[in-house]
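Participant: Residue numbers (our numbering): 591 to 829. Structure incoming, see below.
Here you go:
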């Protein structure tokens, strides 16, 4: 039986959940076994693993493809990366406890916010978005926690809000079942400004009932996620 290695994200995250689903389909329909490898830094780590030959496929947010290909920071050298297929386009979002005073992304100023593992793609999204909004990392207290640990910290009152990765997201589902949460909104002008200034973001509506705690539609930002391979990956495996 052919066996491939797929780089994903932290366990329970978006890429990890999608990787598990793809592995099930590949084994059932193609007789291909898959090793699903978690990655705390997700997109960035997967690009480096592809370059090192440690995986055949890796999930990445599309905004990292050009940087990896050119060797722009945080990559030390150009990576001959190739896009295999689109994966999904899901909303990224901030959550707070439902009993919190926080309702808007700008309310995060002066607060403690779990933003994901240090050096990860999700942290870079915060830098990109907040640069447009004029919010400095000195304006709030970042906590570099995994999504699972960030959820636990929010539940314990150790942080005031958490930055969450897109669905499918097992970690977020579990958090919403353990405690009442709300999704923070953007001012319309702020959302428009980010979309005007950053070409890889897309508008996304999170519908009421998407998970427990979303009682109305809310407008968020999304990035297209893809499955990548290295130039040297066997074309027969890609097919």
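Beta carbons: idealized from backbone N, C-alpha and C, even for Gly.
Quick check on DSSP: helix, strand or coil for residue 704?
Facilitator: The three-state secondary structure of residue 704, taken from DSSP, is strand.
Participant: What did DSSP end up calling residue 749 once you bin it into helix, strand or coil?
Facilitator: coil
Participant: Assign residue 764 to buried or exposed, taking buried as 16 or more other Cβ atoms, counted over all protein chains shown, within 10 Å of its Cβ.
Facilitator: The residue is exposed, with fewer than 16 neighbouring Cβ atoms inside 10 Å.
Participant: How would you label residue 772, buried or exposed, when you count the other beta carbons within 10 angstroms and need 16 or more for buried?
Facilitator: buried
Participant: My understanding is that residue 624 touches residue 711, with C-beta atoms under 8 angstroms, so please give their C-beta distance in whole angstroms.
Facilitator: Not confirmed; about 22 angstroms, so no contact.
Participant: Taking only three categories from DSSP, how would you classify residue 845?
Facilitator: Nothing about residue 845 can be reported from this structure: the residues present for the chain run from 591 to 829 only.
Participant: When the Cα atoms are used, what is the spatial distance from residue 606 to residue 736?
Facilitator: 13 angstroms
Participant: Grab the span of the alpha helix (DSSP H) containing residue 711 for me, first residue to last.
Facilitator: 711-723
Participant: Per the DSSP calculation, residue 819 is bridged to which residue(s)?
Facilitator: 672
Participant: Could you pull the DSSP bridge partners for residue 811 from this structure?
Facilitator: Residue 811 pairs with 682, 793.
Participant: Give a yes or no on whether the C-beta atoms belonging to residue 649 and residue 608 are separated by under 8 angstroms.
Facilitator: yes
Participant: Kindly list the residues whose CB is nearer than 8 angstroms to the CB of residue 707, restricted to its own chain and excluding five residues on each side of it in sequence; keep chain order.
Facilitator: 600, 630, 631, 713, 734, 735, 736
Participant: Let me make sure I understand the geometry here. Which of 792, 723, 695 has the alpha-carbon closest to that of residue 815?
Facilitator: 792
Participant: Whole angstroms are fine: how far does the CA of residue 826 sit from the CA of residue 742?
Facilitator: Here the C-alpha atom of residue 742 lies approximately 43 angstroms from the C-alpha atom of residue 826.
Participant: Among 776, 782, 738, 821, which one has its Cα closest to the Cα of residue 807?
Facilitator: 776
Participant: Here's the rule I'm using: 16 or more other beta-carbon atoms within 10 Å means buried, otherwise exposed. How should residue 687 be labelled?
Facilitator: With a threshold of 16 other beta carbon atoms within 10 Å, residue 687 meets it and is buried.
Participant: Would you call the CB atoms of residue 700 and residue 727 closer than 8 angstroms?
Facilitator: Contact flag unset, no.
Participant: Taking only the alpha-carbon atoms, compute the straight-line gap between residue 818 and residue 782 and give it to the nearest angstrom.
Facilitator: 30 angstroms
Participant: Would you say residue 672 faces chain B, with C-beta separation under 8 angstroms as the test?
Facilitator: No chain B appears in this structure, which consists of one protein chain only.
Participant: Need the endpoints of the alpha helix (DSSP H) that residue 762 sits in, please.
Facilitator: For residue 762, the enclosing alpha helix (DSSP H) has its first and last residue at 760-768.
Participant: On the DSSP bridge list, what partners appear for residue 651?
Facilitator: 815
Participant: Do residue 671 and residue 640 have their C-beta atoms closer together than 8 angstroms?
Facilitator: yes
Participant: Closest to residue 655 by CA distance: which of 636, 645, 752, 644 is it?
Facilitator: 636
Participant: Anyone know if the C-beta pair for residue 646 and residue 823 falls short of 8 angstroms?
Facilitator: The answer is yes: Cβ separation under 8 angstroms.
Participant: Expressed to the nearest angstrom, what Euclidean distance is found between the alpha-carbon atoms of residue 718 and residue 724?
Facilitator: Using only the alpha carbons, I get a separation of about 10 angstroms.
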